[in-house]
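Let me begin by presenting the structure, written as structure tokens, before commenting on it.
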């Protein structure tokens, strides 16, 4: 095996389109990072094959902060149901259990939507269970667009530093198999096509209109890659990555 990089950050997003959280370690199963995007709100009036209420339509969702009340034990293969209990802190500071009907009512009234909460241990990701983005790519985009970019805009699971320092090196890994840490094996399946969410500042939701057109023009509208899991395992910050 050839060492090609190191995991710099691990991010999980308990509720689709809400704030993510940094992790020191996580168990990764065939359905992705444990606890990643396991809750989502369905817009009852949306009859498309993408029925979720997301920051694409309501950028303020990015300011809602979910937190698991009892953190998962990464060494435990089958978590207890209580591990999935979640509270959400709204921008005004109030906290609700995500299953509290009053929280759904708050969202419906604030955003003028008819909503239904959905839960699934299989994360409700857009395309694939794993997303990966390199800090080398981030730094290059900053130079190209001439602005500072918060890594959180890109909402990846794994933020990687490549040993060769090559931006967009992840694109060259499509179709390749990687090992992360002691056990996890993933195949990089496709590049990650980007949407309007990356234009929103994750702290303020202020929109920058230069980012998405630049990526569309210079990088075929893609930044980062998606992957699927071949072998489950625990991943920790600073774990090394190998090309198999």
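In the numbering used here, the protein residues as written are 81 to 324.
Built from N, CA and C at the ideal position, the CB exists for glycine as well.
First through last residue of the alpha helix (DSSP H) which encompasses residue 183: One-based indexing of the chain shown puts residue 183 at position 103. First-last of the alpha helix (DSSP H) with residue 183: 181-191.
Length of the line joining the Cα atoms of residue 314 and residue 90: Counted from its first residue, the chain shown places residue 314 at position 234. Counted from its first residue, the chain shown places residue 90 at position 10. When rounded, the distance between both Cα atoms is 11 Å.
Three-state secondary structure assigned by DSSP to residue 333: Outside the shown range of the chain (81 to 324) lies residue 333, about which nothing can therefore be said.
Beta carbon of residue 194 nearer than 9 Å to that of residue 125: Residue mapping note: residue 194 aligns to position 114 of the chain shown, counting from 1. Residue mapping note: residue 125 aligns to position 45 of the chain shown, counting from 1. Yes, they are a contact pair.
Sequence-distant residues of the same chain with beta carbon closer than 6 Å to residue 204, five excluded per side: The residue given as residue 204 occupies position 124 in the chain shown. Excluding residues within five positions, the ones whose Cβ falls inside 6 Å are 96, 117 and 120.
Residue 245 versus 81, 86 and 82, residue with shortest Cα-Cα distance: Looking up residue 245 in the chain shown gives position 165. Ranking 81, 86 and 82 by Cα distance to residue 245 puts 86 first.
Residues bridged to residue 321 [DSSP beta-bridge criterion]: Residue numbering aside, residue 321 sits at position 241 when the chain shown is read from its first letter. Bridge partners of residue 321: 85 and 260.
Where the alpha helix (DSSP H) through residue 292 begins and ends: Counting from 1 along the chain shown, the entry for residue 292 is found at position 212. Its alpha helix (DSSP H) spans residues 291-298.
Segment limits, beta strand (DSSP E) that includes residue 102: Mapped onto the chain shown, residue 102 falls at position 22. Unbroken beta strand (DSSP E) run through residue 102: 101-103.
Pairwise C-alpha distance: residue 93 and residue 210: By one-based count along the chain shown, residue 210 stands at place 130. By one-based count along the chain shown, residue 93 stands at place 13. Cα to Cα, the separation comes out at about 12 Å.
Test item: CB-CB of residue 258 and residue 322 under 9 Å: Counted from its first residue, the chain shown places residue 258 at position 178. Counted from its first residue, the chain shown places residue 322 at position 242. Yes, these two residues count as a Cβ contact at 9 Å.
Closest residue to residue 201 among 282, 239 and 158 (Cα-Cα distance): Locating residue 201 in the chain shown gives position 121, where the first residue counts as 1. The option with the nearest alpha carbon to residue 201 is 158.
Exposure label - residue 327; buried when at least 16 CB within 10 Å: Residue coverage of the chain in this structure runs from 81 to 324, which leaves residue 327 outside it and unanswerable.
Local Cβ density within 10 Å of residue 250, reported as buried at 16 or more and exposed below that: For this step, residue 250 is matched to residue 170 along the chain shown. Classification of residue 250: buried, given that the 10 Å Cβ count is 16 or more.
Status (buried if at least 16 other CB within 10 Å, exposed otherwise) for residue 84: Sequence index remark: in the chain shown, residue 84 carries index 4 (1-based). It is buried - the Cβ of residue 84 has at least 16 other Cβ atoms within 10 Å.
Span of the beta strand (DSSP E), counted from its first residue to its last, around residue 241: The residue labelled residue 241 in the question sits at position 161 within the chain shown. First-last of the beta strand (DSSP E) with residue 241: 238-242.
Where the beta strand (DSSP E) containing residue 135 begins and where it ends: As a working mapping, residue 135 is identified with position 55 in the chain shown. Taken as a continuous stretch (DSSP letters only), residue 135 belongs to no beta strand (DSSP E), as it is neither H nor E.
Terminal residues of the beta strand (DSSP E) in which residue 211 lies: For the purposes of this step, residue 211 is taken as the residue at position 131 of the chain shown. Its beta strand (DSSP E) spans residues 210-214.
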